[in-house]
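Visitor: Pasting a structure below so you can have a look.
This is the structure:
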């Protein structure tokens, strides 16, 4: 519905927070004498523009599964706004330039958007906010993507983020309850002037008609789907009460052994506060239940923990210049990285997970642990930033703070330091799925391999391989490393790197500190030099 603009206009700028329920920015935007409300989403070419040179279909920053999930979420948001007498306005271009033009065209006096902790949005928001305030436009940017305001936690901790879960919990306390959703209607959209406004585009509209992807994620985006999935989860009160991470079957794919609500939290289709309240309501009827950090409630608190750590740590997404990250001389080996990324390591458990990741854009958290450990400190000793980049592209729930936090953790670069504890690429999956059904589904080349050899097909006699129609080294690759020797070498390298980091930390002299840092940098670069000298 569109009317002529006669009073003050308000832009509700959606980025994440793609929902109606518990949306403080929407609630504020629809009150206080607003004549016209402009719900706006900007198609940012920085995020959406196709990149033909990437290793999978998608843009420079995102795989096609996540882009499709976003578009589905926008369609659902538009549908829900329509029910309230409004609509979602889609504009295209640089967000700052688009917004500045809209301010002028639509007589905007208020701007509302959800606070975002990611560096990209932090820089964007400062630019937009400064322009708006200079023009006398009121800006309201509430924290609603997380349970707590990371700034408040950091302030309580003396200006630094807490780096352990328990210290975070003590500081955080209880979150505020979610806002009640009381929207029967919204102020109408005003006159649009000369701004080019579009409907939610399709994958084809965005230039992906030639993208070759034979299977898409089975998880559909949108607030409606999020609330439906949440309701289904909450129905099983015993499961909610007994949820205990890291328990759960990473090989269960027909019915995943977890909520699969992470992509809905990532895009803000589901409010974390509302999710938290729903779990608490179940706990009231089930006095005997698990507790943080392993409970379902504890997982939401882990999410906030990583958001706070990321927001308060400069260079959180890299090793160099990151004060909480161990400096480790990871290898620069593109061949090993590519084998891992393209599911050609020769370890069926690892490769099946990487196939599911590429096809579905989602894998169980223990599957993520397995492949991250294998790439970094477990077997290949490749830099965690390289693995992070692959996850960032392919996951539909890829979240800047959580993805980086998990890779720091799983590579034993920060938060977790028991580097001797390694996920075996052979025995770990076997204890959940001894028959190898998960492997057979995602690696059909191995579907006829007897279960005795499904996790180690290179050990099968040639007669067995022939009968299974899968010759190792021809139809399926040989292992890129020997797990036993590779894991021992990784432990040795980690032990040496930890010793060097301890020496670095114990120095007092600033000159000596710089010398040791230079020595460490040279050691870090040797991985790349060694690779080049072998070629």
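In UniProt numbering, the protein residues as written are 1 to 535.
Glycine included, every Cβ here is placed at the ideal spot set by N, Cα and C.
So within the region 326-394, which uninterrupted alpha helix (DSSP H) runs reach at least 4 residues, ignoring any that extend past its ends?
Guide: The region 326-394 contains these whole alpha helix (DSSP H) runs: 334-341, 348-360, 365-373 and 384-394.
Visitor: CB-CB under 7 Å to residue 386, same chain, minus the five flanking residues each way: which ones, in chain order?
Guide: As a first step, residue 386 must be located in the chain shown, where it is residue number 386. So the qualifying residues of the chain are 337.
Visitor: Output yes or no for whether 7 Å exceeds the beta carbon distance between residue 371 and residue 353.
Guide: Numbered from its first residue, the chain shown carries residue 371 at position 371. Numbered from its first residue, the chain shown carries residue 353 at position 353. Contact: yes.
Visitor: Give the secondary structure of residue 138 by DSSP, where H, G and I count as helix, E and B as strand, and everything else as coil.
Guide: Sequence index remark: in the chain shown, residue 138 carries index 138 (1-based). In this structure, residue 138 counts as strand in the three-state DSSP scheme.
Visitor: Could you work out which residue in 120, 461 and 380 is closest to residue 46 when comparing CA atoms only?
Guide: Residue mapping note: residue 46 aligns to position 46 of the chain shown, counting from 1. Cα-wise, what sits closest to residue 46 is 120.
Visitor: So the candidates are 190, 325 and 150; which of them puts its Cα closest to the Cα of residue 410?
Guide: Reading the chain shown from its first residue, position 410 is the one you call residue 410. The shortest Cα separation from residue 410 among 190, 325 and 150 belongs to 325.
Visitor: For residue 118, count neighbouring C-beta atoms within 10 Å of its own C-beta (all shown protein chains included) and say buried if the count is 16 or more, exposed if not.
Guide: On the chain shown, residue 118 is found 118 positions in, with the first residue counted as 1. Buried: at least 16 other Cβ atoms inside 10 Å.
Visitor: Could you say if the region 302-312 and the region 400-410 meet the contact criterion of at least three C-beta pairs nearer than 8 Å?
Guide: As far as the Cβ criterion goes, the region 302-312 touches the region 400-410, which means the pair count is three or higher.
Visitor: Which residues does DSSP pair with residue 239 in a beta bridge?
Guide: Reading the chain shown from its first residue, position 239 is the one you call residue 239. Residue 239 is not bridged to any residue.
Visitor: So, helix, strand or coil for residue 398, using DSSP?
Guide: Along the chain shown, read from residue 1 onward, the residue named residue 398 stands at position 398. Residue 398: coil per DSSP, three-state reduction.
Visitor: Consider the Cβ of residue 370: report whether some Cβ of chain D lies at a distance smaller than 7 Å.
Guide: Absent here is chain D; the protein component of the structure consists of one chain.
Visitor: Any idea what DSSP makes of residue 406, helix, strand or coil?
Guide: For the purposes of this step, residue 406 is taken as residue 406 along the chain shown, with counting starting at 1. Looking at residue 406 - three-state DSSP - the assignment turns out to be helix.
Visitor: What's the gap between the Cα of residue 249 and the Cα of residue 52?
Guide: Walking along the chain shown from the start, residue 249 turns up at place 249. Walking along the chain shown from the start, residue 52 turns up at place 52. Taking the straight line from one Cα to the other gives about 36 Å.
Visitor: Quick one: what does DSSP say residue 98 is sitting in, helix, strand or coil?
Guide: Here residue 98 corresponds to residue number 98 of the chain shown, with the count starting at 1. Helix.
Visitor: Could you pull the start and end residues of the alpha helix (DSSP H) that residue 67 belongs to?
Guide: Stepping through the chain shown from its first residue, residue 67 is reached at position 67. Its alpha helix (DSSP H) spans residues 64-82.
Visitor: Give me the residue from 287, 60 and 85 with the minimum Cα distance to residue 548.
Guide: As shown, the chain starts at 1 and ends at 535. That puts residue 548 outside it, with no answer to give.
Visitor: Helix, strand or coil for residue 1? Go by DSSP, reduced to three states.
Guide: As a first step, residue 1 is located in the chain shown; it is residue number 1 there, counting from the start. Residue confidence for residue 1 is low, a pLDDT of 40 falling below 50, so the modelled location carries little weight; the figure read from the coordinates is stated next. It is coil, neither helix nor strand.
Visitor: Alpha carbon to alpha carbon, how far is residue 349 from residue 468? Give it in angstroms, no decimals.
Guide: Mapped onto the chain shown, residue 468 falls at position 468. Mapped onto the chain shown, residue 349 falls at position 349. When rounded, the distance between both Cα atoms is 18 Å.
Visitor: What's the gap between the Cα of residue 215 and the Cα of residue 263?
Guide: Taking the first residue of the chain shown as position 1, residue 215 is located at position 215. Taking the first residue of the chain shown as position 1, residue 263 is located at position 263. When rounded, the distance between both Cα atoms is 18 Å.
Visitor: At which residue ranges does the region 176-241 contain complete beta strand (DSSP E) runs of 3 or more residues, listed in the order of the chain?
Guide: The qualifying runs do not exist here; there are none.
Visitor: On the DSSP letters alone, give me the boundaries of the alpha helix (DSSP H) that residue 149 sits inside.
Guide: Here residue 149 refers to the residue found at position 149 of the chain shown. Where residue 149 is concerned, there is no enclosing alpha helix (DSSP H), given that its DSSP letter is neither H nor E.
Visitor: Cβ atoms of residue 107 and residue 173: under 7 Å apart, would you say?
Guide: Numbered from 1 along the chain shown, position 173 holds the residue referred to as residue 173. Numbered from 1 along the chain shown, position 107 holds the residue referred to as residue 107. Their beta carbons are not under 7 Å apart, which means residue 173 does not touch residue 107 by this criterion.
Visitor: Considering only residues of the same chain and omitting the five flanking positions on each side of residue 217, which have a CB-CB separation below 6 Å?
Guide: Against the chain shown, residue 217 aligns to sequence position 217. Same-chain partners within the cutoff: 65, 360, 361 and 396.
Visitor: Kindly give me the distance between the Cβ atoms of residue 37 and residue 13, rounded to whole angstroms, as I take these residues to be in contact under 8 Å.
Guide: On the chain shown, residue 37 is found 37 positions in, with the first residue counted as 1. On the chain shown, residue 13 is found 13 positions in, with the first residue counted as 1. Going by Cβ atoms, the distance from residue 37 to residue 13 rounds to 12 Å, so no, they are not a contact pair.
Visitor: Give me the Cα-Cα distance between residue 190 and residue 183, rounded to the nearest whole angstrom.
Guide: Mapped onto the chain shown, residue 190 falls at position 190. Mapped onto the chain shown, residue 183 falls at position 183. Between residue 190 and residue 183, the C-alpha separation is close to 19 Å.
Visitor: Identify which residue in 344, 423 and 202 has its Cα closest to the Cα of residue 549.
Guide: Residue coverage of the chain in this structure runs from 1 to 535, which leaves residue 549 outside it and unanswerable.
Visitor: Can you give me the start and stop residues for the alpha helix (DSSP H) that residue 279 sits inside?
Guide: For the purposes of this step, residue 279 is identified with residue 279 of the chain shown, where counting begins at 1. Looking at the DSSP string, the run of the alpha helix (DSSP H) that includes residue 279 is 272-285.
Visitor: Please classify residue 30: is it buried, with 16 or more other beta-carbons within 10 angstroms of its beta-carbon, or exposed?
Guide: Here residue 30 refers to the residue found at position 30 of the chain shown. Residue 30 should be labelled buried.
Visitor: In the DSSP output, what is residue 472 paired with across the bridge?
Guide: One-based indexing of the chain shown puts residue 472 at position 472. DSSP output for residue 472 lists 476 as bridge partner(s).
Visitor: Between the region 239-249 and the region 280-293, do at least 3 Cβ pairs fall closer than 8 Å?
Guide: Because the criterion of three Cβ pairs below 8 Å is met, the region 239-249 and the region 280-293 touch.
Visitor: Which of helix, strand or coil does DSSP assign to residue 34?
Guide: The residue labelled residue 34 in the question sits at position 34 within the chain shown. Coil.
Visitor: With C-beta atoms as the reference, is residue 477 less than 7 Å away from residue 347?
Guide: Translated into the one-based positions of the chain shown, residue 477 becomes position 477. Translated into the one-based positions of the chain shown, residue 347 becomes position 347. No, they are not a contact pair.
Visitor: Measure the alpha-carbon distance for residue 95 versus residue 462 and round it to whole angstroms.
Guide: Taking the first residue of the chain shown as 1, we reach residue 95 at position 95. Taking the first residue of the chain shown as 1, we reach residue 462 at position 462. Going by the C-alpha atoms only, they are around 60 Å apart.
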